[in-house]
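Accompanying notes for the structure given below.
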Amino acid sequence: MRNQMAPPTPTSDTQKKLEIAVGDVSDSRLRTLMIDLCDNFPDAKKWLEKELLTTEEEIPRREESESDVDEEESEESESDVDEEEADTTKTKSADLKRLRPRYVICENCDEEFDVLDNSKESCWYHPEFSEPDYDDFFADHDENCHGPIDCDATRKEYPEGFIYPCCDRTGAEDPCEVDWHVEGSAKRRRTYY
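Read in order, the letters of the sequence shown correspond to residues 2 to 194 in the numbering used here.
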């Protein structure tokens with residue numbers, strides 16, 4: 002008996018073609034198909050709810066270190082703190098049960114992150130926007146001939162030609178700030194390179 006691989010089954014061939022089709026379809030159509038899938042298949046809906054939604058209760062608490070607390074906050078009297086806690090207890094318990102998105106865009110690094118997997122070393126970013134290095138890197142760059150310098154496409158193609166004033170590093174180097182991801186208010190990711 003020879004040891005040979007079985008020919009691909011129609012199922013595996015169909016699976017590969019489906020994966021290609023999912024990769025090629027527009028985001029809009031994929032979202033519409035996902036909503037239709039949820040409407041027609043309750044098990045798929047339950048699975049997606051588990052994957053894409055969470056509650057405040059499930060999100061790990063961001064523990065502040067002593068250096069993160071302002072001196073003013075530490076000087077508050079205990080009675081002030083007790084009154085504030087009593088006022089917000091009812092609101093907090095209701096919020097803990099409310100479903101919310103599990104994946105959101107970070108305000109600092111503009112990357113999607115999982116709120117269940119966030120730590121003080123998750124987010125790498127620059128607090129300021131990069132500026133073109135006109136004096137050195139782009140000294141001979143003619144915008145009429147080579148195209149605009151200060152744009153997303155050029156930042157992506159030549160990250161080493163852009164300097165962050167916060168740390169004097171280029172876009173090709175590691176960001177200077179490391180911290181927790183911060184949930185942004187914008188729904189869409191901004192494009193900065």
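We put the CB at the ideal spot given by N, CA and C, even for glycine. Since we're looking at a predicted model, the values are computed, not measured.
Please classify residue i: is it buried, with 16 or more other beta-carbons within 10 angstroms of its beta-carbon, or exposed?
i           : result
residue 119 : buried
residue 162 : buried
residue 156 : buried
residue 165 : buried
residue 32  : exposed
residue 114 : buried
residue 21  : exposed
residue 105 : buried
Please state the DSSP three-state secondary structure of residue i.
i           : result
residue 62  : coil
residue 174 : coil
residue 17  : helix
With distances taken from CA atoms, which of the options is nearest residue i?
i           : options           : result
residue 134 : 16, 142, 49       : 142
residue 1   : 121, 99, 140, 109 : As shown, the chain starts at 2 and ends at 194. That puts residue 1 outside it, with no answer to give.
residue 127 : 138, 34, 170, 158 : 170
residue 168 : 43, 130, 185, 62  : 130
residue 109 : 47, 60, 185       : 185
residue 102 : 50, 38, 18, 26    : 50
residue 61  : 16, 116, 45, 22   : 116
residue 159 : 145, 137, 179     : 137
residue 122 : 144, 183, 105     : 183
residue 125 : 35, 179, 44, 36   : 179
residue 181 : 15, 13, 41, 107   : 107
Taking only beta-carbon positions, decide if residue i is within less than 9 Å of chain D.
i          : result
residue 53 : No chain D appears in the structure shown, which is made up of a single protein chain.
Note to self: Could you check whether the segment 144–154 touches the segment 167–175, counting it as contact only if at least three pairs of C-beta atoms, one from each stretch, sit closer than 8 Å?
What the structure shows: Using a Cβ-Cβ distance cut-off of 8 Å, the segment 144–154 and the segment 167–175 are not in contact, since fewer than three pairs of beta carbons, one from each stretch, lie closer than that value.
Item checked: Ordered list of alpha helix (DSSP H) runs contained in the segment 92–132, each at least 4 residues -> Correct list: empty.
Check: Along the chain, which unbroken stretches of the alpha helix (DSSP H) at least 4 residues long are found entirely within the segment 138–184?
Finding: Segments of the alpha helix (DSSP H) lying fully in the segment 138–184: 144–147, 153–158.
Note to self: Just to confirm the assignment: which complete alpha helix (DSSP H) runs, minimum length 4, are found wholly within the segment 18–54?
What the structure shows: Runs of the alpha helix (DSSP H) inside the segment 18–54: 28–41, 43–53.
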